[in-house]
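Encoded as structure tokens, the structure appears first; notes follow it.
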Amino acid sequence: MSQEAIEAVFSCSSAYSHPLMLIASRNQIDWDCGYVLTTKEYGEYIRELKRQYPDADVKICRDHCGPGFRSGQDDLESLKNTIKSDLENGFKLIHFDLCRLEGSHEHQLEATAELAKFAQDIDSGVELEIGTDENTEYEATLGRIRSDLEYFLKFCTPAFYVIPTGSLVKEARNVGTFREEFMLDASEVVHEFGVNIKEHNADYLGKEELLKRRGVIDALNIAPQIGVLQTSLLLNKARLYGVDTTEFEKVIWEGRNWEKWLLHGSSHDELLCATLAGHYHYASSFYDNLIGALDEYIDTRSLIIEEVSDLILHYSEYFDANS
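If you read the sequence shown in numbering that gives the first Met the number 0, its first letter stands for residue 0, the second for the next number, and so on.
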């Protein structure tokens, strides 16, 4: 979500010996654009952080490599550009999610296999993640999970299979319901094949919800919560120190990226909208101006890294309990 969040992952992994993953969406980071960095810039930044945090165990991953997950150019050939650039710049795992590709499920599987083989031809050691977090009844059946895995095991062993667990992030909360009984059965099927389960949309989960996942879910994806945490922190500090945020909030409102996160589709709460979508505008001059003004009072970057690290620890403690 931000360069500060990326560094927080390295800092936390180094300090607490936690293996962590960075999962970049194609809107955030891609071969030709990105509201955080381009892939090449990202790779250079990662190399710098590896030198700074040599004890960190951080895997660089691609999230939702599939059509329909990026604005602008979004066909299969564009996906191959993404894959090629990813592997040239240090990515070690690619999540193939072709649930939004028009056509039958069989066609989606074939396209996934084509892209997976393309990636393997470039880097035979690349790890693969398959499946989708789209909450559709069609995808989320035990028979479908088993047949998908049997199909892919003909030419690879995926590191992760993604299953829609019922989790759903809206606004600053998780409004979904974890399908505990189904996931217990699904975990038996997936683990039988020697594959791990990844849950997306795991933001805003408390201890009780995390404990339901013990022995079932092997990895959790969070991201929106990190963006909301960082923006909320900055806006609160700005109000504390009398720093004007008008221009930053205005560009967020006009960008309208907050619309996808609203529970009921519309809002007149401009502060809520700014908090939900501030991260889309961290590359703007308005964000730079805000950080510059706050740096007169506090070490803004260190504070963000500290707060994001604390959030990561909330989730990583769940995995410590598993071991």
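All residues carry an ideal CB built from backbone N, CA and C; glycine is no exception.
The structure presented is a predicted model; accordingly, all values stated were derived computationally and were not measured.
Using alpha carbons as the reference points, say which of G241, E316, S308 lies closest to E295. Position 296 of the sequence shown, counting from 1, holds the residue named residue 295. Per the Cα distances, G241.
What does DSSP give as the partner residue(s) for L228 in the beta ladder? Within the sequence shown, residue 228 is the residue found at index 229, counting from 1. Checking the DSSP bridge columns, you'll see L228 has no partner listed.
Close-in-space but distant-in-sequence residues of the same chain around Y286 (CB under 7 Å, 5 per side omitted): The residue given as residue 286 occupies position 287 in the sequence shown. Within the same chain, Y286 has close Cβ partners F247, H280.
Anyone know if the C-beta pair for V161 and H104 falls short of 9 Å? Position 162 of the sequence shown holds residue 161. Position 105 of the sequence shown holds residue 104. If you check the CB distance, V161 and H104 do not come in under 9 Å.
Could you check the C-alpha separation between D147 and V188 for me, to the nearest Å? Position 148 of the sequence shown, counting from 1, holds the residue named residue 147. Position 189 of the sequence shown, counting from 1, holds the residue named residue 188. So the two alpha carbons sit approximately 11 Å from each other.
Any idea what DSSP makes of A158, helix, strand or coil? Within the sequence shown, residue 158 is the residue found at index 159, counting from 1. Coil at A158, not helix or strand.
For Y34, collect the residues of the same chain with a Cβ closer than 7 Å to its Cβ; drop the 5 residues on either side in sequence, then sort them by chain order. Residue mapping note: residue 34 aligns to position 35 of the sequence shown, counting from 1. The answer, listed in chain order, is N26, Q27, Y279, A282.
Close Cβ partners of R172 (< 7 Å) along its chain, the five nearest in sequence each way excluded: Stepping through the sequence shown from its first residue, residue 172 is reached at position 173. Within the same chain, R172 has close Cβ partners Y203.
What three-state label does DSSP hand G130 in the structure shown? For the purposes of this step, residue 130 is identified with residue 131 of the sequence shown, where counting begins at 1. Looking at G130 - three-state DSSP - the assignment turns out to be strand.
Could you check what DSSP says for D309 in three-state terms: helix, strand or coil? As a working note, residue 309 is residue 310 in the sequence shown. Reduced to three states, the DSSP call for D309 is helix.
Classification of I304 by the beta-carbon crowding that lies within 10 angstroms, buried from 16 upward: Here the question's residue 304 lines up with position 305 in the sequence shown. When all chains shown are included, I304 counts as buried.
Using only the alpha-carbon positions, how far apart do L36 and R213 sit? Within the sequence shown, the letter at position 37 stands for residue 36. Within the sequence shown, the letter at position 214 stands for residue 213. When rounded, the distance between both Cα atoms is 35 Å.
How about C155 and Q119: are their beta carbons less than 9 Å apart? As a working note, residue 155 is residue 156 in the sequence shown. As a working note, residue 119 is residue 120 in the sequence shown. In this structure, Q119 lies closer than 9 Å to C155 by Cβ.
F95 and T111 look like a contact to me (Cβ under 8 Å); what is the Cβ gap, rounded to whole Å? To locate residue 95, count along the sequence shown from 1; it is residue 96. To locate residue 111, count along the sequence shown from 1; it is residue 112. That belief holds up - the Cβ atoms of F95 and T111 are roughly 5 Å apart, short of 8 Å.
Put C11 into one of helix, strand or coil per three-state DSSP. Numbered from its first residue, the sequence shown carries residue 11 at position 12. If DSSP states are grouped into helix, strand and coil, C11 belongs with the helices.
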